[in-house]
Amino acid sequence: MAKNAIQKIAMNAAENIPYDKLMLSQKNVRRIKDGVSIEQLAEDIGRRKLIQSLNVRPVLDGEGEETGTFEVPAGGRRFLALGILIKQKRLAKNEPIPCIVNRGQETSAEEDSLAENLRRADLHPLDQFRAFKTLSDQGLDPEEIGARFFVLPATVRQRLRMASVSPRLLDLYEKDEIRLEQIMAFSISDDHARQEQVWERIASSHTQEPYYIRRLLTETTVRADDRRAVYVGAEAYEAAGGIILRDLFEQDSGGWFQDAALLEQLVFDRLKVDAEAIRAEGWKWVEAAISFPYGHTSGMRRIYAEAQELSAEEIERYDALKAEYDKLDADYAKAEETDEAIKAKLDQLGAELDAIDDRPQSYDPAQKAIAGVFVTLAASGKLQVDAGFVRSEDEPPYTETGDVDEGEEGCADGETRSNGDDDGDGVVVNGKPVHDALGDDGEDDGIKPLPDRLVFDLTAQRTLALRNALAGDVDIAIVAALHAFVLQVFYRFAPDTCLEISLKSGSFSQVDGLAETPWAKEIAERHEAWGRDLPDEADCLWNFLLGLDEASRKALFAHCVSLTLNAVVEPWNRRAKALEHADVLGRSLQFDMIDAGWTPTVEFLGRLTKARILQAVREARGADSAQLIDHMKKDIMAREAARLLEGSNWLPEPLRIEVDEVSADAGDAVAGDMSNEAALDGDAAELPAFLADDADPSSDEPVTIDGNETDHLQAAE
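Per the working numbering, residue 474 is the first one in the sequence shown, and the count goes up by one each step.
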């Protein structure tokens, strides 16, 4: 039995038809503009010619005969683009156009138009990445590729970066086992081995978010906005051979410095140069470090620069400028309309007055010869120079009477320093020497010195009488106590007080980052301001304090007393009553750490156990919020907990004025009256989106450039 013959398919014929014989069909299903514009398509056809034929059908007359013209139901955008080229005189009206002619018309024009658009498949993104990479390998730069395909050069760079990801990961992306967002995150690094290592680490993890991939890829790098990177600068770092990782898909604040060791060396090299330049100004020593612990200047006396005195001509000019400024300012305030000319003149006069006020300051060369400078990096990355610190071993030698052996120096009120008796030997009482009764009488004939025991008895009586008198004069008693405090706080060698008052102030230098807190900075600024105002010599201090107004005296007294406060809990130092008093004092001050600016940071939470982190979230936001993060690894949990706790007014137990008894077990319910109880009433907070790419906090240990210590950079994202 013969088999039925299979009918062969006959393709529609291809013909070159002059453009002026073509017309756009109204049966084209595409009505809405989408994708590349027709103008861009015209430019593309003008560059590479037509690479896809038009689908046309002959136009028939009433008797079914071809009229010689053809309609275009599929390929209308190409037809219109060709029309633009003709209008631009770049293409002839009768230019033959490659066409596929459908004379059989077995399907409708609308169906052909729909099929052409629906059956067309866009490139897989990976194919586009690789195609751009091929063009780049052929010598085209991102700008040229972008111009040819009407995309921004930045987009081309993104595609090229993703094409450079490990082939193994790209294969997984091709199989839909990795998402596009993850490939974008992996593209930060060019290290294929590291990319694959990170993927192996997270492949079986619950956390595969792009931000986490970026974090793992940059955990051994230093962020470009880190003060060390800012100090060295990207240009110097790259000139030394360093590589900066950049995220082309999200804001990266300048990227990440990949080679931390190189950056460390560059920081130290530049610090050494800057330190030597400062030392050349005449200082005895310069100590440089990326950062210093809080209290590193404890026990050192501070000297300050003084502004140059104004000459008579400068004073006269200043007064004239000030008078002119005040007059213009008054006229400007009265004017109904803004006068730009007067405003500009005021700005000019203000700048001139500021220039006079900010005249150069200088240190006494003799003081610089015994003093030194601490050079460090500010949080902004700029060099921070703290000058004028005198170490105890560099202080001028003291005589047995306790005076500095540097001659007589005048005080502000005309008094002079006393160096004791003429020979500098023995004891001075009330300004007069008392010789040892067992020694030389001092006279062959006449009255002998009083015995030591009698002197003791008499001065004891005087002491009690003075105590009694001092108790009756509150103002002088406050000045006397303040005098003793200031001597101990601001003057290194100053036993010149008859009050046996001891003042101690802990530095807590072992706490990392304490110097960067707002409280430490405010205390340091206040201390420096008082240090500049106080007289250089301790002998002049008493009259200075008497001359202060009451408000200033109280402010200085409060500053000195505040430095003695110690509410630190130390396991080896049982100070229960003292710590209870700290709570009493805090309540009297209506003090609260939240109002003072404390917040639970990622660094703080990272030092807690997972149970403690969950307990904190449960206390602040409720059990539902804690359940959102209880499955996470500790570092991710700390980051998300910090976001959940933001604005909750939550405090850990040691920072609460009234410490509640809170169970350390994360599974137990929270007991006690919390200061942020109202926060527990709301709904559970939603887990923040994994969009941010925050840096993990890092700390820096001090380094002495001229010594043996070094400061190892901390890997920071």
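Ideal Cβ placement from N, Cα and C applies to all residues, glycine included.
If we call anything under 7 angstroms between Cβ atoms a contact, is residue i one with residue j?
i       : j       : result
Phe730  : Tyr710  : yes
Thr849  : Ser764  : yes
Ala851  : Val863  : no
Val846  : Val759  : yes
Lys494  : Thr540  : no
Ile661  : Leu718  : yes
Arg641  : Glu617  : no
Leu1078 : Ile1086 : yes
Tyr767  : Leu1124 : no
Gly519  : Arg550  : no
Arg530  : Asn575  : yes
Leu527  : Gly548  : yes
Pro991  : Gly1059 : no
Gln513  : Phe623  : yes
Leu1118 : Pro1073 : yes
Ile815  : Leu794  : no
Leu955  : Phe1017 : no
Ala554  : Ile490  : no
Leu960  : Thr1037 : no
Ser726  : Asp698  : yes
Ser586  : Pro546  : yes
Pro683  : Glu647  : no
Ala761  : Ala748  : yes
Arg774  : Gly1004 : no
Val629  : Phe659  : no
Ser498  : Ala582  : yes
Leu558  : Ala588  : no
Let's see if you can read the secondary structure: which residues bound the alpha helix (DSSP H) around residue i?
i      : result
Gln601 : 598–610
Asp802 : 785–807
Gly619 : 615–622
Pro838 : 838–841
Gly519 : 511–521
Lys818 : 813–830
Glu708 : 707–712
What residue does the beta strand (DSSP E) around residue i start on, and which one ends it?
i       : result
Gln578  : Here Gln578 belongs to no beta strand (DSSP E), and DSSP marks it neither H nor E.
Asn1016 : No beta strand (DSSP E) contains Asn1016, which is instead part of the alpha helix (DSSP H) from 1014–1020.
Phe1030 : Segment 1023–1035 is the alpha helix (DSSP H) holding Phe1030; no beta strand (DSSP E) there.
Glu1126 : Note, Glu1126: premise wrong, no beta strand (DSSP E); not H, not E.
Glu760  : 758–761
Phe847  : 845–850
Quick one: what's residue i bridged to in DSSP?
i      : result
Trp729 : Arg696, Leu718
Trp992 : According to DSSP, Trp992 bridges with nothing at all.
Ala861 : Before going further, note that residue 861 is Gly rather than Ala in the sequence given. Its beta-bridge partners do not exist; DSSP assigns none.
Asn489 : Pro571
Trp672 : In DSSP, Trp672 forms no bridge with anything.
Leu497 : Val545
Glu539 : Leu533
Val746 : Paired residues: none, contrary to the question.
Leu856 : Leu850
For residue i and residue j, which I take to be in contact (beta-carbon distance under 8 angstroms), what is that distance rounded to the nearest angstrom?
i       : j       : result
Leu633  : Ser609  : 6 angstroms
Val1075 : Ala1011 : Wrong, their Cβ atoms sit about 47 angstroms apart, outside the cutoff.
Arg1094 : Ser1121 : 6 angstroms
Phe722  : Gln631  : 6 angstroms
Val1034 : Gly979  : Val1034 to Gly979, Cβ: 14 angstroms. No contact.
Val703  : Leu690  : Not really, about 22 angstroms apart at Cβ, beyond 8 angstroms.
Pro838  : Gly755  : 6 angstroms
Glu1092 : Ile1102 : 14 angstroms between Cβ atoms; not a contact.
If you count every other CB in all the chains shown that lies within 10 Å of the CB of residue i, and 16 or more means buried, which is it?
i       : result
Ala487  : exposed
Asn590  : exposed
Gly1180 : With a pLDDT of 42 at Gly1180, under the threshold of 50, the modelled position of that residue is not reliable, and the figure given next carries that caveat. Classification of Gly1180: exposed, given that the 10 Å Cβ count is below 16.
Ala1144 : Any reading at Ala1144 must be qualified, since the residue scores a pLDDT of 35, below 50, and its modelled position is unreliable; the value itself is stated next. Result: exposed.
Pro569  : exposed
Ile524  : exposed
Met484  : exposed
Gly861  : buried
Ser1098 : buried
Ser677  : exposed
Lys841  : buried
Phe605  : buried
Cys971  : exposed
Leu1160 : A caution first: Leu1160 carries a pLDDT of 43, below 50, which makes its placement in the model unreliable, though a value can still be read off. Burial call: exposed.
Leu533  : exposed
Does any residue of chain D bring its CB to less than 7 angstroms from the CB of residue i?
i      : result
Ala950 : Here there is only one protein chain, and chain D is not present.
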